[in-house]
Each structure stands twice: as structure tokens, then as C-alpha cells.
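Notes follow the structure.
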Amino acid sequence: MLAEDLQRLNARYEPQAAQDAPEGTVTLTSHNRLADQINQKKLAQLPGSLTHFKAQVEGTFPEGSFPADETLSLKPGAQVMFIKNDSGEDRRYYNGKIGFVRKINSNSLTIGFSDQEAEIELEQEEWENRRFTYNE
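What follows is the structure in C-alpha cells.
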């Protein structure tokens, strides 16, 4: 990177931007720890109590390979991002789609979207930890 490139980037730095960001803004961070802090702060600002969903892990699935935190803590109103495509025929969501928790039930979540009227009900999802090998 050339010095003038760095200078141009630094000129765009706005330290107040995170505090002034519109509701629903997705913040990219360089470290998971910072993302966790932002998420916890936003959750704490929502009314109501947290509901915790703990992963049910079977077989060999190291914690570092989990697709998300082992315990997912949510409240109605929380912004969520899908990390998997819908494998059903309707293809209701995709990896990266943003939604908001509308209802929390004992075995499901109702998710709403700002870009569509319809809400979807999600049930527990299964992930597999596949190991691939090759023949020499």
C-alpha cells in the first residue's frame, strides 16, 4: 500500500460513525470479540429477558468448528443473520439474509424481515461436521 493510499483511507475514518449508525446497520469488525461486545450491547438495549438456546452436540464436533456460539441468546426484536441457506423447497432464506426475531416459542422462532411482509417460523436446524480425505 502506498502512503497516499493509507492517507486517503485514514481521511475517511469517522470515529463517531458507529454511534450514529441507523438502526439495523451491520458492523464489520476485525475480531469476534468486538462483534460479541456490539451484539451484547444491542441485546441489552432491547426490552424483555433473554431466551437461551443451547446446541445439542453429538459425535466429534470440536467447539472451534461450531457454526455459531454453543449457546444462542435472543430476545424479541433482536436482529439476526442467517448463516445457512434454506434447504427446503421454498428457499425462504439464504446465508447472509437479515431478519428480526418476532416471537420466541419453546421449539421455534418467528423471524420477520424489513423487505417482505411474510414472517417465517424456524425450527431447530441440524449441522454436520464432515471430514474429507483424499486417496494418495
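Per my numbering, the very first residue in the sequence shown carries number 99; after that it's consecutive.
Where a beta carbon is used, it is the ideal one built from N, C-alpha and C, also for glycine.
What residues are listed by DSSP as bridge partners for residue i?
i: Thr169; result: Lys152
i: Gln177; result: Phe198
i: Leu104; result: Partner(s): none; Leu104 has no beta bridge.
i: Glu224; result: Glu224 pairs with nothing; no bridge assigned.
i: Glu219; result: Thr208
Quick check: residue i and residue j, are their CB atoms within less than 8 Å of each other?
i: Gly175; j: Leu220; result: no
i: Gln177; j: Phe198; result: yes
i: Asn227; j: Phe159; result: yes
i: Gln222; j: Asn205; result: yes
Can you give the Cα-Cα distance for residue i and residue j, rounded to whole angstroms?
i: Leu170; j: Asn108; result: 36 Å
i: Ile136; j: Asp118; result: 14 Å
i: Asn203; j: Gln214; result: 22 Å
i: Arg200; j: Asn130; result: 26 Å
i: Phe230; j: Gly157; result: 16 Å
i: Ile218; j: Pro113; result: 37 Å
i: Lys182; j: Glu102; result: 40 Å
i: Ala142; j: Lys173; result: 9 Å
i: Arg110; j: Leu104; result: 10 Å
i: Glu161; j: Thr127; result: 21 Å
Check whether the segment 183-193 touches the segment 149-168, taking contact to mean three or more Cβ pairs, one atom from each stretch, closer than 8 Å. Proximity of the segment 183-193 to the segment 149-168 falls short of the contact definition, fewer than three beta-carbon pairs being nearer than 8 Å.
For the segment 119-137 against the segment 146-154, do three or more pairs of beta-carbon atoms, one drawn from each stretch, fall closer than 8 Å, so that the two count as touching? Pairwise C-beta distances place the segment 119-137 out of contact with the segment 146-154, as fewer than three of them are shorter than 8 Å.
Alpha helix (DSSP H) segments (min. 4 residues) lying fully within the segment 189-214: none
Which whole runs of the beta strand (DSSP E) in the segment 107-149 are 3 residues long or more, in chain order? Secondary structure within the segment 107-149: not one fully enclosed beta strand (DSSP E) run of 3 or more consecutive residues is present.
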